[in-house]
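Visitor:
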Amino acid sequence: MDIRALTPTYSVSPQIETADLAAIKAAGYVAVIDNRPDAEIPPNLHTITMQSAAEAAGLAFFANPIIGGMMTMENVTQQADAIKAAGGPVLAYCASGNRSSICWALAHAGQMPTDELIAIPGRFGYQLEGLRGQLDAMAKNA
C-alpha cells in the first residue's frame, strides 16, 4: 500500500487489497473511493468484494469507476459527492493514483487555485499540467 496524501482529508493510492482495509481504517480514513472498473482487475479486487471488505472494516465505500482516458463530468461530480458524503478523510484508489488525482483536481476547480491543483498531485509524480486549460475554464464557470 502506497498512500499519498494530497490534502489532510483526501489521499490517493495505487490499487489496494482487502487485506489493506484494516490499516486504512486504523490510519484514520472513514471512506474509500474505488476508481477502477472491474474489467481492469482480477475478480478478487472487483467492486463488490472490495465494498464488502471495506464495510466490514467500518469504512464507507463509494464506487466511481473511471475508464482510463475516458473520465466524464459525471465521474467528477460523483467523486465530489463521495468526498462530501464521507464527512472525513478519504482514500481514493485506481491503478496508480493518477485518475483519482485528476478527478480530485477537476472536482476542486474554482475552489482552489489552478497552480495548487496541479502542484499538489505533482509532488507525487502525477503530471496534471495538461489539464491547466480545463481547470481554468472550469474555475471561470464555477
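Residue 152 in the numbering used here sits at position 50 of the sequence shown; the count goes up by one each step and never skips. Cβ coordinates follow ideal geometry from the N, Cα and C atoms, glycine included. Note that this is a predicted model, so its numbers are computed, not measured.
1) Does the segment 190-201 touch the segment 112-120, meaning 3 or more C-beta pairs lie closer than 8 Å?
2) From the DSSP output, which residues share a beta bridge with R106?
3) Using the rule of at least 16 other Cβ atoms within 10 Å of the residue's Cβ for burial, across every protein chain shown, is S154 buried or exposed?
4) For L193, which residues from the same chain have a beta carbon less than 7 Å from its beta carbon, with the 5 sequence-adjacent residues on both sides left out?
5) Rounding to the nearest angstrom, what Cα-Cα distance links M152 and E119 in this structure?
6) Taking DSSP as the reference, what is the three-state secondary structure of M152?
7) Buried or exposed: which applies to P223, given that a residue is buried once 16 or more other Cβ atoms fall within 10 Å of its Cβ?
8) Apart from the five residues just before and just after F164, which ones in its own chain have a Cβ nearer than 6 Å to its Cβ?
9) Kindly indicate which three-state DSSP category L147 falls into: helix, strand or coil?
10) When burial is assigned at 16 or more other CB atoms within 10 Å of the CB, is N146 buried or exposed?
11) What would DSSP say about V192, mapped onto helix, strand or coil?
12) Which residue's Cα is closest to the Cα of P110: G189, A141 and G170?
13) What does D136 pair with, by DSSP beta-bridge criteria?
14) Starting from A211, follow its DSSP beta bridges and name the residues at the other end.
15) Can you give the Cα-Cα distance for M214 and R225, rounded to whole angstroms?
Guide: Let's see:
1) yes
2) V114
3) exposed
4) I105, S113, S115, I126, Y131 and V134
5) 8 Å
6) helix
7) buried
8) I135 and A184
9) helix
10) exposed
11) strand
12) G189
13) A165 and Y195
14) M214
15) 17 Å
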